[in-house]
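Numbered per the numbering used here, the sequence shown spans residues 2 to 132. Here a beta-carbon is modelled for each residue, glycine too, at the ideal position from N, C-alpha and C.
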Amino acid sequence: EQHLKETLSFLKERDLAFVCVDEPQFDGSTMPPLAEATSDISYIRFHGRNKENWFKKGITTAERFKYLYSQEELLGWLPDIEKVARRSRKTFIMFNNCYQDYAIRNASQLALMMRDLEHYLRRRETQLRSP
């Protein structure tokens, strides 16, 4: 946090994408989940929140990222995804919780949530415009 403003300015001046990361939170040794866009392309990466295995030695990558996001956790990201998407031309979202089919399941869940939200917002906008 100490260098956040300077880092974001540095990236914006060079049109470089800031990578928004969701990962386990420890006291200062991991990236906080920060929704920022510093270029016309934004990137959000979901690693899972498996604190127990994050720094564990001698395990596979799949074991480290063995985490299935709950619906509530994904819903919590929708406002941040919208914020980042509004500030960039294109937004990429990557699930790296690569244990079994966890990434595919969570990506599908989030895609459905985003589609439902988009339909809701369109209906609401149409209703607000109607006399």
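In terms of residue numbering, what span does the beta strand (DSSP E) encompassing Asp23 cover? 20 to 23
Between the CA atoms of Asn98 and Leu118 - distance to the nearest angstrom: 24 Å
Where does Ser131 fall in DSSP's three states? coil
For the segment 77 to 95 and the segment 49 to 68, state whether three or more C-beta atom pairs, one from each stretch, are separated by less than 8 Å. no
Roughly how many angstroms separate the alpha carbons of Ile60 and Glu53, rounded to a whole number? 12 Å
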